[in-house]
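Per full-length UniProt numbering, the sequence shown starts with residue 1, numbered consecutively.
No residue lacks a Cβ here, since even glycine has one placed at the ideal position from N, Cα and C.
Here the structure is a predicted model, which means the values were calculated and not measured.
Have a look at the structure below, then the notes.
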Amino acid sequence: MVNFSFGQTFQQALDSLLEHKFPANSAGIAVLVIKNNQEIYKKGFGLANIEKKEAITPNTNFRMASVSKQFTAMCIILLEKQGKLSYEDNLLKFFPDFAPSVGTIIKIKHLLTHSSGIIDYEDLIPENQKKQILDDDVLELVKNQTTTYFEAGKQFRYSNTGFCLLEQIVEKVSGEKYSSFIEKNIFRPVGMLNTSMYSENAQIPNRAMGYTRNDKGEIAFSDQSITSATKGDGCVYTSLNDYKKWVIALQKNQLVNLETQLAKINFQLNNTSKFEYGFGWFNYLNSKNQLELYHTGSTCGFSNSVSIVPKSNYFFVFFSNIANNHGIEQPIYDLMKKYKLTDSEINFKFLLEQTR
Numbered sequence: 001m002v003n004f005s006f007g008q009t010f011q012q013a014l015d016s017l018l019e020h021k022f023p024a025n026s027a028g029i030a031v032l033v034i035k036n037n038q039e040i041y042k043k044g045f046g047l048a049n050i051e052k053k054e055a056i057t058p059n060t061n062f063r064m065a066s067v068s069k070q071f072t073a074m075c076i077i078l079l080e081k082q083g084k085l086s087y088e089d090n091l092l093k094f095f096p097d098f099a100p101s102v103g104t105i106i107k108i109k110h111l112l113t114h115s116s117g118i119i120d121y122e123d124l125i126p127e128n129q130k131k132q133i134l135d136d137d138v139l140e141l142v143k144n145q146t147t148t149y150f151e152a153g154k155q156f157r158y159s160n161t162g163f164c165l166l167e168q169i170v171e172k173v174s175g176e177k178y179s180s181f182i183e184k185n186i187f188r189p190v191g192m193l194n195t196s197m198y199s200e201n202a203q204i205p206n207r208a209m210g211y212t213r214n215d216k217g218e219i220a221f222s223d224q225s226i227t228s229a230t231k232g233d234g235c236v237y238t239s240l241n242d243y244k245k246w247v248i249a250l251q252k253n254q255l256v257n258l259e260t261q262l263a264k265i266n267f268q269l270n271n272t273s274k275f276e277y278g279f280g281w282f283n284y285l286n287s288k289n290q291l292e293l294y295h296t297g298s299t300c301g302f303s304n305s306v307s308i309v310p311k312s313n314y315f316f317v318f319f320s321n322i323a324n325n326h327g328i329e330q331p332i333y334d335l336m337k338k339y340k341l342t343d344s345e346i347n348f349k350f351l352l353e354q355t356r
């Protein structure tokens, strides 16, 4: 049980919480809080690599999992701005051998909003699969499927398949490897020089290894699975310091005006929800009529969360190299509200459930 005294600063209170949750000899977490362009909090706890006893720092690169989707979506936005594709283009335009009953109906805009209804590739992986699945393998798994979960554009269903197909579209339209396009058009322009894409032999600097808690609550190594190598849905590795540069680029509309793009394509999660999804972001207009962006990332060995209000120069980020570690999010937010650092209306439990 952690007790917070009334005399504590926010920094001291958050230190107490995180030091209690993440001991120095175990896997851990990195947290960044910015308000009015000022770094209120930036610190790492625990180890990036337990075997090598490497500490987590603001330069530690974590696997982003689904937080990566915002970068894939930005690639599509940039190609649309260049006139090389349309959000109304259907799958058959890029994949001529796709089943026509699906390929003629599903459009890029459906993939960007998780409203395609396309079959989850994870459910199609052969039981004896041992080699890691790549994005082109995802295409092979789904292209002959003649049915979908629902008619495209009618419902929200979170889809890793859709973002793997978007990765393939980026390569086909640009004529470049996805990793080359994203580095040249996103990472380098915004200054994310230490950010990497995972591949089997990639040398990732300052890399955090992934861990999980076993049945006894003990930390165990758990860094990769057969779905860890797909790029479009989740294989960016980045740090607090590099991700901050990305957020600043979004706030300044350095690459595009994201709010303008969301006005074109956004999808309400359900009839009773104020939350929508578009371009790799859960989003909504808060009580001050300001756009708030939110996303989580959950995968083998990692848990991440980002929340941004671009117009108020506020954002909160945590990256953790422990799987299923989103329980820490609410206590951090509670502290932020106590110290009047946020008035976010994010419903963590609801949005986490949407990503299944």
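Review point. Nearest to LEU134 by alpha carbon, out of LYS184, SER199, SER180, PHE98?
Key: SER199
Practice item. Confirm, please, whether the CB-CB distance from ALA27 to GLY44 is below 8 Å. Key: no
**Study point:** Pairwise C-alpha distance: GLU54 and GLN268
**Key:** 42 Å
Review point. Does the beta-carbon of ASP242 have 16 or more other beta-carbons within 10 angstroms, so that it is buried, or is it exposed?
Key: buried
Practice item. Return the CA-CA distance between TYR339 and ILE118, expressed in angstroms with no decimal places. Key: 44 Å
Review point. Taking GLY153 as the reference, which of TYR87, MET209, GLN168, GLU127 has the closest Cα?
Key: TYR87
Practice item. Look at the Cβ atom of SER239, then the Cβ atom of THR72, and state whether they are nearer than 8 Å. Key: no
Point to revise | Member of ASN201, GLU259, GLN224, ALA202 whose CA lies at the smallest distance from the CA of GLY210 | key: GLN224
Review point. So, using beta-carbon positions, are GLU276 and ASN289 closer together than 8 Å?
Key: no
Exercise for review: Starting from the C-beta of ASN185, find all residues in its chain whose C-beta is less than 6 Å away, skip the five residues before and the five after it, and write them out in chain order.
Suggested key: LEU78
Exercise for review: Output the distance between the C-alpha atoms of LEU262 and PHE187, rounded to the nearest integer angstrom.
Suggested key: 22 Å
**Study point:** In DSSP terms, what TYR237 is bridged to
**Key:** ARG63, SER196
Check your understanding: Roughly how many angstroms lie between the CA atoms of ASN49 and PHE319, to the nearest whole one?
Key -> 14 Å
Practice item. Give the secondary structure of GLU167 by DSSP, where H, G and I count as helix, E and B as strand, and everything else as coil. Key: helix
Review point. Cα separation between LYS274 and GLU80?
Key: 27 Å
Practice item. Tell me, please, whether the stretch 279 to 294 touches the stretch 304 to 317 by the rule of three or more beta-carbon pairs shorter than 8 Å. Key: yes
Exercise for review: Note the first and the last residue of the continuous alpha helix (DSSP H) segment covering VAL256.
Suggested key: Careful: VAL256 lies outside any alpha helix (DSSP H) and carries neither H nor E.
Review point. Leaving out five residues before and five after PRO100 in sequence, what residues of the same chain have Cβ atoms less than 6 Å from its Cβ?
Key: none
**Study point:** Candidates LYS231, PHE150, LEU92, VAL138: closest to THR161 by CA position
**Key:** VAL138
Practice item. Please list, in chain order, all residues of the same chain as THR57 whose beta carbon is under 7 Å from its beta carbon, the five residues on each side excluded. Key: GLY44
Check your understanding: With a Cβ-Cβ cutoff of 8 Å, do LEU335 and LEU32 count as a contact?
Key -> no
Exercise for review: Let me know the secondary structure DSSP gives LEU262 once reduced to three states.
Suggested key: helix
Point to revise | Start-end ranges of the alpha helix (DSSP H) lying completely within the stretch 90 to 166, minimum 4 residues | key: 91 to 94, 100 to 103, 108 to 112, 135 to 142
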